[in-house]
Amino acid sequence: METCKLTKFLGASLEGIQPFPVSVEINIKRGIPRFLITGLPSPAIKESSDRIRIAIENSGFEYSLQNILVHLAPAGRKKEGTYLDLPIAAGILYLTEQLPSSEKLEQFLFLGEVGLDGTVKPLKGILPILFGLESKGFTAAVVPFENRKEASILEKIPIYAISHLKDLVSLAKGKIQPEPKGSIRIKSEVLPWKSEFHKSQLPAIRAIQIASAGFHHCLLSGPPGAGKTMLAKLAHGFLPKIREKEGIELLGIRSLQENLSDTEVERPFRSPHHTTSDISLVGGSSSLKMGEVSLAGNGILFLDELSEFHSRNLQALREPMEEGKITISRINGSITYPASFLFIGATNPCPCGYYQTLIKECNCSVSNVRNYQSSFSGPFLDRIEIFYHIGFSGLSDGEKVSINLKSIRDSIQSASDIQYRRLFRETGKLYNGRLRGEEVERMIPLSKECETYFWRAVGLQKFSIRKVAHFRKVARTIADLEGSEEVLLRNLEEALVFLNSGWFPENRAVT
Numbered sequence: 068m069e070t071c072k073l074t075k076f077l078g079a080s081l082e083g084i085q086p087f088p089v090s091v092e093i094n095i096k097r098g099i100p101r102f103l104i105t106g107l108p109s110p111a112i113k114e115s116s117d118r119i120r121i122a123i124e125n126s127g128f129e130y131s132l133q134n135i136l137v138h139l140a141p142a143g144r145k146k147e148g149t150y151l152d153l154p155i156a157a158g159i160l161y162l163t164e165q166l167p168s169s170e171k172l173e174q175f176l177f178l179g180e181v182g183l184d185g186t187v188k189p190l191k192g193i194l195p196i197l198f199g200l201e202s203k204g205f206t207a208a209v210v211p212f213e214n215r216k217e218a219s220i221l222e223k224i225p226i227y228a229i230s231h232l233k234d235l236v237s238l239a240k241g242k243i244q245p246e247p248k249g250s251i252r253i254k255s256e257v258l259p260w261k262s263e264f265h266k267s268q269l270p271a272i273r274a275i276q277i278a279s280a281g282f283h284h285c286l287l288s289g290p291p292g293a294g295k296t297m298l299a300k301l302a303h304g305f306l307p308k309i310r311e312k313e314g315i316e317l318l319g320i321r322s323l324q325e326n327l328s329d330t331e332v333e334r335p336f337r338s339p340h341h342t343t344s345d346i347s348l349v350g351g352s353s354s355l356k357m358g359e360v361s362l363a364g365n366g367i368l369f370l371d372e373l374s375e376f377h378s379r380n381l382q383a384l385r386e387p388m389e390e391g392k393i394t395i396s397r398i399n400g401s402i403t404y405p406a407s408f409l410f411i412g413a414t415n416p417c418p419c420g421y422y423q424t425l426i427k428e429c430n431c432s433v434s435n436v437r438n439y440q441s442s443f444s445g446p447f448l449d450r451i452e453i454f455y456h457i458g459f460s461g462l463s464d465g466e467k468v469s470i471n472l473k474s475i476r477d478s479i480q481s482a483s484d485i486q487y488r489r490l491f492r493e494t495g496k497l498y499n500g501r502l503r504g505e506e507v508e509r510m511i512p513l514s515k516e517c518e519t520y521f522w523r524a525v526g527l528q529k530f531s532i533r534k535v536a537h538f539r540k541v542a543r544t545i546a547d548l549e550g551s552e553e554v555l556l557r558n559l560e561e562a563l564v565f566l567n568s569g570w571f572p573e574n575r576a577v578t
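Just so we're aligned, residue 68 is where the sequence shown starts under the working numbering, counting upward by one.
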């Protein structure tokens with residue numbers, strides 16, 4: 068054996084949900100036996116030296132009693148987790164000539180935790196790593212056998228699955244075949260074909276239809292028992308079918324939370340209690356964990372009894388509602404998580420719940436009403452695109468009306484398909500509600516007649532610049548629901564109704 072040997076194997080690590088490649092440089096030379104890992108390894112990685120030594124011996128290989136130095140590059144970036152066990156073990160076996168000579172191994176990405184008996188154990192976060200590193204130059208990826216289903220849904224990278232260190236020999240000899248292409252299984256929300264609703268709820272159903280079709284943030288207000296929570300859950304069933312991009316994001320979030328045994332995904336519906344903290348809502352703490360806004364990605368974040376939430380919590384929602392992501396900065400570092408959720412809020416208009424309703428007289432003083440609504444700051448409300456106040460009660464509302472929920476769901480899916488064809492190639496966005504800045508005017512042109520009406524309404528309503536964009540986006544979604552190629556005057560008129568504040572009398576006109 069030569070006096071000194073050096074090799075490089077490729078691994079990876081995660082910062083939050085963002086992966087980065089790690090070059091695992093292994094040097095073996097004669098000298099005092101030791102096993103040292105450098106390059107800002109976490110305690111779990113430092114402990115891997117003893118774990119890997121025992122695993123190699125228990126797998127029937129010979130452990131080299133020499134001076135082993137493992138360096139993890141880039142040296143200035145902290146590495147977390149146990150993803151690097153497998154590349155370190157493979158590199159040692161390769162340098163000690165216990166694996167067949169194969170240059171291709173040094174071009175593979177290795178991910179896996181090694182057990183004391185040599186088994187390669189499954190890991191959380193395999194999919195986000197592979198998805199984020201698709202274009203980083205490796206020719207294939209080697210993953211634990213139990214992670215093969217989630218890893219194989221990516222088309223560009225051949226995936227090899229192994230369950231034991233002994234399988235590295237077969238891999239080097241080319242006896243292991245790549246995994247067949249996998250697919251994401253979508254769990255669909257089952258809705259009844261028809262259901263009955265009170266007449267006062269019909270405009271609210273229209274509001275959540277528009278919100279679901281274009282992913283527009285929505286706020287419903289009304290008295291107790293008006294059906295606000297039921298309507299929010301109905302919106303979850305209305306959401307369009309999950310597209311591949313969304314499915315990979317959803318599966319990636321799920322992969323970070325658990326070891327996946329299947330690739331089934333569904334749109335999340337997260338409904339944290341009003342006593343929740345701002346950290347659990349948007350993420351943070353010393354470990355920089357993701358919060359509800361990220362777990363609700365590509366689904367619904369429903370805040371019931373919105374007035375009961377602490378004002379600080381609602382202010383924390385402003386950036387993720389606008390940007391679709393959240394950056395958490397602490398003394399330990401900074402991590403950006405996705406947060407592309409659809410916000411739906413439900414609230415009573417006052418402490419007794421009957422302000423501006425026709426059910427019973429409100430007993431709250433003006434100051435009590437103002438205090439109750441004080442958590443809704445102007446900047447927070449300015450990010451809400453659709454408002455509706457249910458001012459009536461079903462008991463005083465006459466007969467119920469039968470609604471074909473399937474036709475509503477079909478119209479939303481059709482509108483989603485229209486948005487995909489119009490937006491995805493040029494902007495990478497899937498829904499009108501996701502458009503930002505100059506994308507809004509570029510992707511949503513108006514006719515001369517509509518442009519005149521649009522700016523006249525903006526001047527009368529004294530809309531903010533953000534609200535002007537909301538006006539255009541909501542009108543475009545309404546047109547998509549109708550299957551119209553252009554935004555029509557009636558689409559702008561309807562959008563204007565839902566842009567008004569949630570508990571002002573103007574909204575009663577739509578009823």
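Where is the CB? At the ideal position from N, CA and C, for every residue including glycine.
Counting along the chain, where does the alpha helix (DSSP H) carrying residue i start and finish?
i: Val349; result: Asp345 to Val349
i: Asn435; result: Val433 to Tyr439
i: Val541; result: Ile532 to Glu549
i: Arg97; result: Counting along the chain, Arg97 falls outside any alpha helix (DSSP H), and DSSP gives it neither H nor E.
i: Ser116; result: Ser115 to Asn125
i: Glu560; result: Leu556 to Leu566
i: Phe491; result: Leu472 to Thr494
i: Glu147; result: Looking at the DSSP string, Glu147 is not in any alpha helix (DSSP H), and its letter there is neither H nor E.
Could you compute how far the alpha carbon of residue i sits from the alpha carbon of residue j?
i: Gly314; j: Arg334; result: 9 Å
i: Val436; j: Ala293; result: 19 Å
i: Val577; j: His456; result: A caution first: Val577 carries a pLDDT of 36, below 50, which makes its placement in the model unreliable, though a value can still be read off. Their Cα atoms are separated by approximately 10 Å.
i: Pro211; j: Leu178; result: 7 Å
i: Gln486; j: Lys223; result: 27 Å
i: Pro110; j: Gly148; result: 9 Å
i: Pro512; j: Thr494; result: 15 Å
i: Glu386; j: Lys392; result: 8 Å
i: Ala484; j: Leu172; result: Looking at the sequence provided, one finds Asp at residue 484 rather than Ala. Their Cα atoms are separated by approximately 43 Å.
i: Pro418; j: Val433; result: 11 Å
i: Ile398; j: Glu325; result: 27 Å
i: Lys203; j: Thr330; result: 24 Å
i: Gly158; j: Ile119; result: 11 Å
i: Leu566; j: Ser444; result: 16 Å
i: Thr105; j: Lys145; result: 10 Å
i: Asn365; j: Glu129; result: 49 Å
i: Gly83; j: Leu555; result: 44 Å
i: Ala280; j: Asn471; result: 17 Å
i: Glu316; j: Leu490; result: 19 Å
i: Gly461; j: Asn415; result: Here Gly461 scores only 48 on pLDDT, less than 50, and its place in the model is too uncertain to base an answer on.
i: Asp184; j: Pro108; result: 23 Å
i: Arg509; j: Val332; result: 33 Å
i: Lys261; j: Asn438; result: 40 Å
i: Lys427; j: Phe336; result: 33 Å
So residue i is in the beta strand (DSSP E); what residue range does that whole segment cover?
i: Cys285; result: Cys285 to Ser288
i: Asn134; result: Asn134 to Ala140
i: Pro108; result: From DSSP, Pro108 is part of no beta strand (DSSP E); its letter is neither H nor E.
i: His456; result: Ile453 to His456
i: Phe443; result: No beta strand (DSSP E) contains Phe443, which DSSP labels as neither H nor E.
i: Val525; result: Element bounds for Val525: not the beta strand (DSSP E) but the alpha helix (DSSP H), Lys515 to Gln528.
i: Ala413; result: Leu409 to Thr414
i: Gly400; result: Gly400 to Pro405
i: Phe177; result: Phe175 to Phe177
Would you mind stating whether residue i and residue j have Cβ atoms separated by less than 8 Å?
i: Ile367; j: Leu409; result: yes
i: Thr206; j: Gln174; result: yes
i: Leu301; j: Val468; result: no
i: Ile277; j: Val541; result: yes
i: Gly520; j: Leu548; result: The identity of residue 520 in the sequence shown is Tyr, whereas the question assumes Gly. Cβ distance not < 8 Å, so Tyr520 and Leu548 don't count as in contact.
i: Ile411; j: Ile402; result: no
i: Gly304; j: Leu258; result: yes
i: Ala406; j: Leu373; result: no
i: Ser352; j: Pro339; result: no
i: Gly249; j: Pro86; result: no
i: Ser131; j: Lys233; result: no
Using the rule of at least 16 other Cβ atoms within 10 Å of the residue's Cβ for burial, across every protein chain shown, is residue i buried or exposed?
i: Arg503; result: exposed
i: Arg49; result: The chain is shown only over 68 to 578; residue 49 falls outside these bounds and no answer can be derived.
i: Glu247; result: In the sequence on display, residue 247 carries Pro and not Glu. Exposed: under 16 other Cβ atoms inside 10 Å.
i: Leu103; result: exposed
i: Thr342; result: exposed
i: Ala142; result: exposed
i: Gly581; result: Residue 581 lies beyond the residue range present for the chain, which begins at 68 and ends at 578; the question has no answer from this structure.
i: Asn499; result: buried
Every unbroken alpha helix (DSSP H) inside the segment 316-398 [4 residues or more]: Those alpha helix (DSSP H) runs which fall completely within the segment 316-398 and span 4+ residues are 345-349, 359-362, 378-383 and 385-390.
Beta strand (DSSP E) runs contained entirely in the segment 179-258, provided each spans 3 or more residues: 207-211 and 226-229
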